[in-house]
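Structure first, commentary second.
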Amino acid sequence: MPLVPVLLALLAASPAAPEAAPCSVDVEAPEVELGPAGAPIEVTGFLDPASPQSWRAFLELRRLVADHDGEVRLELLLTGRGGPRDPHADRVRAFVASLATQGHLETTLRVVARDDVERVHARLVDPQAHPALAAELGVPVARVRAALRDRCARLRVDARTDALLDVLGLESGGMARMPAFVVAGLTFDDGP
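Letter 151 of the sequence shown, counting from 1, is numbered 202 in this note's numbering, and no numbers are missing.
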């Protein structure tokens with residue numbers, strides 16, 4: 052019996068995969084908000100969660116808000132830096148962005164800073180490594196696995212990257228120096 056007709060019959064008889072829910076991508080909705088709404092100084096910060104420097108930048112931004120008690124509000128958005136695509140970094144960015152919306156930005160940035168993108172990526176694609184990673188992040192293993200399946204997080208990061216490049220006046224495919232900020236309508240980066 053030829054194999055192709057059998058496979059086609061099995062495919063036809065199998066139930067269709069459920070259609071994925073559509074993603075709502077709001078490029079302006081931050082993953083993290085620090086400081087009071089209506090503070091006199093509003094800062095929008097853009098971090099690349101695949102960068103080991105983002106953890107230190109996040110800690111400094113959090114300190115800035117705390118040191119200026121009630122005077123500064125920070126809205127933090129996670130983006131890529133543009134340029135050539137790196138599938139490993141893209142997976143790490145989406146993973147961090149997914150967990151950030153659940154309140155785990157600092158711990159995931161700390162793990163990326165400590166382990167670097169390649170090691171974090173290796174842990175993400177190895178299901179055997181998920182329990183240890185979940186324990187380090189203080190989340191259930193199911194949450195790690197759900198974050199890996201969160202296609203909306205990847206779409207959000209990609210859309211924000213395009214928006215950031217546009218704000219910085221860079222062409223599509225350009226590369227931004229990170230972190231980048233918008234304060235009082237002025238856009239600047241804090242790159243080297």
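Ideal Cβ placement from N, Cα and C applies to all residues, glycine included.
Comparing alpha carbon positions, the residue from Ala-101, Asp-77, Glu-122, Ala-80 closest to Ala-88 is Glu-122.
Straight-line spacing of the CA atoms in His-172 and Cys-74 works out to 24 Å. Using a Cβ-Cβ distance cut-off of 8 Å, the region 179–192 and the region 97–109 are not in contact, since fewer than three pairs of beta carbons, one from each stretch, lie closer than that value. Contact check for Val-162 and Leu-125: beta-carbon distance about 22 Å, past the 8 Å limit, so the pair fails to qualify. Here Phe-146 is buried. Its C-beta has 16 or more other C-beta atoms within 10 Å. In this structure, Val-116 and Gly-96 do not form a Cβ contact; the two beta carbons are roughly 10 Å apart against a cut-off of 8 Å.
Here the region 223–237 does not lie against the region 138–154, with fewer than 3 beta-carbon pairs under 8 Å apart.
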